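Everything on this sheet refers to the single structure shown next.
Numbering (the working numbering), first residue to last: 730 to 840.
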């Protein structure tokens, strides 16, 4: 019974997922997978369930808006837009399924 031991972010697995862009030991991955954003910017997450088990993904204290599943917008009427999108704290990486979500970087507030 195979058990997954690696999860990938932009094609990289730990500990290389935090390595900077252009490291010599990853010549075919000139980018890094540590997205950096400014407050209020939007980031598209495409979660691909490529393994055999479900796995939760969350952004440590932040919500994402799920807008599509398996490449199809969550909409009640074709062409109506993502009117059935929903906010989630944790999304599931389901085997054989893709999920698209929008993350908006929080705007820092003065304390």
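Virtual Cβ for every residue (Gly too), placed ideally from N, Cα, C.
Note that the coordinates shown come from a computational prediction; the quantities given were computed from them, not determined experimentally.
| field | residue 747 (DSSP reduced to helix, strand or coil) | value | helix
| message | On the DSSP letters alone, give me the boundaries of the beta strand (DSSP E) that residue 829 sits inside. | response | 827-833
| Would the beta-carbon of residue 776 fall within 9 Å of that of residue 829? | yes
| query | Could you check where the beta strand (DSSP E) with residue 775 kicks off and where it finishes? | reply | 771-777
| Are the beta-carbon atoms belonging to residue 831 and residue 771 less than 9 Å from one another? | yes
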